[in-house]
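Here the protein sequences line up with chains A and B, keeping their order. Under this note's numbering, think of the first position of the first sequence as 1, with each following residue one higher. Under this note's numbering, think of the first position of the second sequence as 1001, with each following residue one higher.
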Amino acid sequence: MKTLRTVLLAAAVIGLGATTALASGGGSMGSGGAGSGGVSNMPGNSGPQYDPAAEYAKAVSAFKAKQYRDAARAAQHVTDAVPKSPDAWRLLGAAKAGDNDWKAARRAYERAVKLAPDEITGHAGLGMALANLKDPKAQDELTWLKAKAQTCADACPDAANLKAMSVMVEGAMTPAATAATPKPSASLSGPMLFGGPMAGEGAYVTAVSLINQKRYDEALASLAGAQAKFGLHPDILTYEGYAWRKKGDYARAEQFYRQALALDPAHIGAIEYYGELKVATGDLGGAKKLLARLDGLCTYGCADAEELRRWIALGHEPQ
Amino acid sequence: MRWAPADVDPVATFARAPTECLRLPAEARAALSVEVGRAAFRTPVLLGGQAARAGVACETCHKAGRSNPTFLFPGVSGAPGTADVTDSLFSTHRGDGIDNPKPIPDLSGPKAKLKIAQAPADHKLEPFIHGLVTEEFDGPEPAPAVLDGLAAYVRALSPAACPKAASQPVTVAYLLADARRAVRAAQGEMALGDAPTAVLMLASARTRLGLIDERYADPGLAALRAQLRAADHRLAEAQDAVRAHSPSIGADLAAWLAASHPLEARLAAREPASLFNPALLTQAARRRLPG
């Protein structure tokens, strides 16, 4: 029983990596929505107490070693530093669940779901937590997962994950049936995510190529693979934002840019692309502030600043 | 150092550069065009997409207008000295989904060995370069004078113009001389009323200053780095002035050129303590992080 639950939890965490970029974000970020400001609206420059990227990697590593308390501690540092990151809350939720602290897991997953209402792993984790707390609201999460699976049929990239997670939550709701419940499919245990040392880097390079081919959904999946390897890295978050912008979801794109800048306020790519988003949403003032910031950062000049300058001069994306 | 194999000889690769096989035309306007191309060739700002953002310029693959046998870019190169220019990592236009890196050609080699005919009457070189800039590297549309200049520069490279020495030391003087040439090209283009080209020339000069800065990374050289950055800031201001068609730009650039000589002297005085010193460069190269 314990072994099975660990497998399911691992699936939740790995699913976090596998599906994060496809579905994370989407919720309200509170202050600082699109067009609401430029540099002054960004997270502070004082820097977090912990390095969130390093803590994220530490949490994943501890989770894999089944050291759930250590994983939770590191994940808590990530949520402290990047409180609007649904990835961080999902990781914390999984770690707390691993430690059998289902109340804390529920709280973390609730935050994740609030931040990213369309993300399936958050709902699955919340469903698992509620089921283990014998809270009837678990049924709501199961219903959500099944409805999502029905809408998706077998056509969407998350089809297999949705089916497996529905089974997982259902199994937790009816413990007697658990022994007969099939384990999550092998695809959820994702060798891509925790593979060799080159797995994350390869996934990142692949993602950039896919973006250039305008295959944004596949790029997001590949970026999720890179994120599982590297953790919350500003380069990855920046490209997640870029892909969402290209898909037309400006609000979600902004979330990713802001997360990237929370990790690294001087991230040149994130500032450039955030500035381009500002132009796309008609906030030229915000874009100009970001350009000024780029000009300050790009000692000896950079192509990023010149590209944003072109956007601003034209008032739209250069053709 | 970013795009070379870990086991490369640091002195041969980074402390020395190939000599340039360039013959400048005697006629002033033609010479200016070659200088424009030469400067554009040396700045990532000419290009776009991932290449430019990673700091890649034409010169990265074609050092001093030649080839680069040690070029190694993850995902783009096969063996060192090769590049797949139809890889989607660099291009939104020309990705062919095939991993087919090719040897980087020597632009200063025999013209007959090059893929594209360079005779002006053939009208092939300019469209080829245009495609390279805007499609292979996703760059913005180059100003006409820049495109003409790049073609003129490539045409002016020739085996017959190669100096006897195959390579020369990379020094402060070497890089600052390039920066001055770019600034003079900017002056020439301003005189012709071509602000966009002048801005790019100044970008090229700034790139050269950056290459000096990275070799003065030692904390004991902080004061010199600050002077370099001040010189760069003046060029950035000059770019703004060019964009705004400020009448003071001519005097500003002349003043910058004049100030560059004492700056060079101060930098040169501490050059032995910088990574222009081959011994220190070798030590630093040995400290490279793996991977």
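The C-beta atom is built at its ideal place from N, Cα and C for all residues, glycine as well. Predicted model, so just to flag it, every value in this text is computed and none were measured.
7 Å is my cut-off, CB to CB: does residue i come that close to chain E?
i	result
residue 301/A	Included in the structure are the protein chains A and B, with no chain E among them.
Give a yes or no on whether the minimum CB-CB distance between residue i and chain B is below 7 Å.
i	result
residue 319/A	no
residue 51/A	no
residue 304/A	yes
residue 213/A	yes
residue 315/A	no
residue 208/A	yes
residue 205/A	yes
Quick one, are the C-beta atoms of residue i and residue j less than 7 Å apart?
i	j	result
residue 1151/B	residue 1189/B	no
residue 287/A	residue 271/A	no
residue 88/A	residue 78/A	yes
residue 1049/B	residue 1137/B	yes
residue 1043/B	residue 1057/B	yes
residue 1205/B	residue 1224/B	no
residue 1061/B	residue 1157/B	no
residue 1148/B	residue 1033/B	yes
residue 300/A	residue 1009/B	no
residue 209/A	residue 1246/B	no
residue 237/A	residue 256/A	yes
residue 1145/B	residue 1036/B	yes
residue 86/A	residue 53/A	no
residue 1039/B	residue 1201/B	yes
residue 1045/B	residue 303/A	yes
residue 1067/B	residue 1116/B	no
Using a Cβ-Cβ cut-off of 6 Å (strictly less than) and excluding sequence neighbours within five positions of residue i, which residues of its own chain qualify?
i	result
residue 21/A	With a pLDDT of only 26 at residue 21/A, under the threshold of 50, the placement of this residue in the model should not be trusted, and no figure is reported.
residue 1025/B	1031
residue 146/A	166
residue 91/A	59, 75
residue 1133/B	1139, 1142
Could you compute how far the alpha carbon of residue i sits from the alpha carbon of residue j?
i	j	result
residue 62/A	residue 100/A	15 Å
residue 243/A	residue 216/A	6 Å
residue 316/A	residue 280/A	6 Å
residue 1263/B	residue 1229/B	11 Å
residue 98/A	residue 163/A	22 Å
residue 94/A	residue 151/A	26 Å
residue 1092/B	residue 1239/B	29 Å
residue 1090/B	residue 212/A	8 Å
residue 1018/B	residue 1196/B	30 Å
residue 75/A	residue 254/A	23 Å
residue 149/A	residue 307/A	41 Å
residue 1276/B	residue 1174/B	11 Å
residue 1065/B	residue 276/A	34 Å
residue 106/A	residue 125/A	8 Å
residue 139/A	residue 169/A	9 Å
residue 1209/B	residue 1176/B	7 Å
residue 214/A	residue 267/A	23 Å
residue 202/A	residue 1073/B	13 Å
residue 102/A	residue 51/A	27 Å
Could you tell me whether the Cβ of residue i comes closer than 7 Å to any Cβ of chain A?
i	result
residue 1204/B	no
residue 1011/B	no
residue 1053/B	yes
residue 1005/B	no
residue 1088/B	yes
residue 1263/B	no
residue 1045/B	yes
residue 1229/B	yes
residue 1197/B	no
residue 1092/B	yes
residue 1095/B	yes
residue 1149/B	no
residue 1157/B	no
residue 1106/B	no
residue 1194/B	no
residue 1232/B	yes
residue 1037/B	no
residue 1209/B	yes
residue 1065/B	no
residue 1220/B	no
Apart from the five residues just before and just after residue i, which ones in its own chain have a Cβ nearer than 7 Å to its Cβ?
i	result
residue 295/A	305
residue 1140/B	1048
residue 1193/B	none
residue 96/A	72, 104, 105, 108
Short of 8 Å in beta carbon distance, which residues of its chain neighbour residue i, apart from the five on each side in sequence? Order them along the chain.
i	result
residue 1063/B	1017, 1018
residue 43/A	At residue 43/A, the pLDDT of 33 sits below 50, so the modelled position is not reliable and the matter cannot be decided from this model.
Inset, instruction - Would you be able to state if there are at least three C-beta pairs under 8 Å between the region 1181-1196 of chain B and the region 1071-1082 of chain B? - result: no
Inset, instruction - Count the C-beta pairs between the region 101-116 of chain A and the region 129-147 of chain A that are closer than 8 Å, then say yes if the count reaches three, no if not. - result: yes
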